[in-house]
Amino acid sequence: MTKPEANRQPQLNPEFVQQIDGKDFVTYQGLLDLAHQKGLISIVTEVLQYPNKDNEHLAVVQAVVESKDGERFSDVGDANPQNCNSRVSKHLLRMASTRAKARALRDLTNIGLTALEELADLGEVAGDPEPRQQNARQQPIQPQTKPKPAPKRPATTPARQPTQKLSEAQHRAIINLAQRRKLDEQELEQLCREIHGVKVEALNSADASAFIRHLQQAA
């Protein structure tokens, strides 16, 4: 290795920076490239919450990155159908993992730019076509007919589903996000009571998912 190469400082490659509405965003690939320049040796992820209908399909993943100098950084990423582009909404765990790794790598590399993958809609960058409008023009206009009234049915009361308590993974996600926001236990409990009226341990699964989203957005 030549002396200039040995003294070269890690730098973010400009090709990994994209601009949207006048604001710069860094791609995950760019963060990973810079992290390797800084001696990244490992990335470990853990699923804190699997998406399902009870938690509104919210996936939560924690990532821990470590450098050759012994520096360790961790962060949490989440993904649900509402904060993902439709093209990746079927891969919620993968997107949550990418977001978690990107946030941890931002800490390792000391990059203040938001990662492109953290955007709710990547179509802002790719420029989604609008095939629905084209299809609409191809459909012939049908004459309107007055719908027949549906026969009345006796009203039925839907059976109540048992309320599911928050899972251990959800509890860990809340604790990790609280640490990221530098909230102590008392402050976390107070915030939970202000929003949901109960302490953290008393949250049900749906409210825990909502609380996780609140902490993630505020972090």
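Numbering (our numbering), first residue to last: 106 to 324. The beta carbon of each residue, even a glycine, is placed where N, CA and C say it ideally should be.
7 Å CB neighbourhood of residue i in its chain, flanking five on each side removed
i, result
"PHE316", "ILE279, CYS297, ILE300, HIS301 and LEU308"
"LYS270", "ASN309 and SER310"
"LYS143", "PRO115, SER172, LEU213 and THR214"
Spatial neighbours of residue i in its chain, beta-carbon cut-off 8 Å, leaving aside the 5 residues before and after
i, result
"HIS276", "VAL305, GLU306 and ALA313"
"ALA164", "VAL152, GLN154, TYR155, PRO156, ASP183, ALA184, ASN185, LEU197, LEU198, MET200 and ALA201"
"HIS218", "Before going further, note that residue 218 is Leu rather than His in the sequence given. Within the same chain, LEU218 has close Cβ partners VAL122, ASP129, PHE130, VAL131 and ARG211."
"HIS162", "PRO156, ASN185, PRO186 and LEU197"
"GLU222", "THR132, TYR133, MET200, THR203, ARG204 and ALA207"
Per-residue burial, residue i [other beta carbons within 10 Å of its own, 16 or more giving buried]
i, result
"ASN215", "exposed"
"ASP174", "exposed"
"ASP289", "exposed"
"GLU273", "exposed"
"ASN185", "buried"
"GLU120", "exposed"
"GLN51", "Look at the range of the chain in this structure, 106 to 324, and you will see that residue 51 is not part of it."
"SER310", "buried"
"ALA283", "buried"
"ALA140", "buried"
"GLN225", "In the sequence as displayed, the identity of residue 225 is Ala instead of Gln. Counting Cβ neighbours within 10 Å, ALA225 comes out exposed, since fewer than 16 surround it."
"GLN411", "In the structure as shown, the chain starts at 106 and stops at 324, and residue 411 therefore has no counterpart that could be examined."
"ARG211", "buried"
"GLU292", "exposed"
Contact belief for residue i with residue j at Cβ below 8 Å, rounded distance in angstroms
i, j, result
"VAL166", "SER202", "5 Å"
"SER147", "VAL181", "No, SER147 and VAL181 are not in contact; Cβ-Cβ is about 18 Å, not under 8 Å."
"LEU213", "GLU176", "7 Å"
Proximal residues to residue i (C-beta, below 6 Å), its chain only, five neighbours per side dropped
i, result
"THR150", "VAL166, ALA168 and SER202"
"CYS189", "MET200"
"VAL122", "ASP129 and VAL131"
**Message:** When you compare the stretch 126-137 with the stretch 202-210, are there three or more beta-carbon pairs, one atom per stretch, that lie closer than 8 Å?
**Reply:** Taking 8 Å as the limit for Cβ pairs, the verdict is that the stretch 202-210 does touch the stretch 126-137.
**Item:** Whole runs of the alpha helix (DSSP H) within the stretch 277-307, excluding any shorter than 4 residues
**Value:** Counting whole runs of 4 or more residues, the stretch 277-307 contains the alpha helix (DSSP H) stretches 290-301.
**Item:** alpha helix (DSSP H) runs contained entirely in the stretch 169-217, provided each spans 4 or more residues
**Value:** Entirely contained in the stretch 169-217, the alpha helix (DSSP H) runs reaching 4 residues are, in chain order, 197-214.
**Message:** Suppose only complete runs of 3+ residues qualify. What are the beta strand (DSSP E) ranges in the stretch 136-174, listed by chain order?
**Reply:** Whole beta strand (DSSP E) segments, 3+ residues: 145-154 and 164-172.
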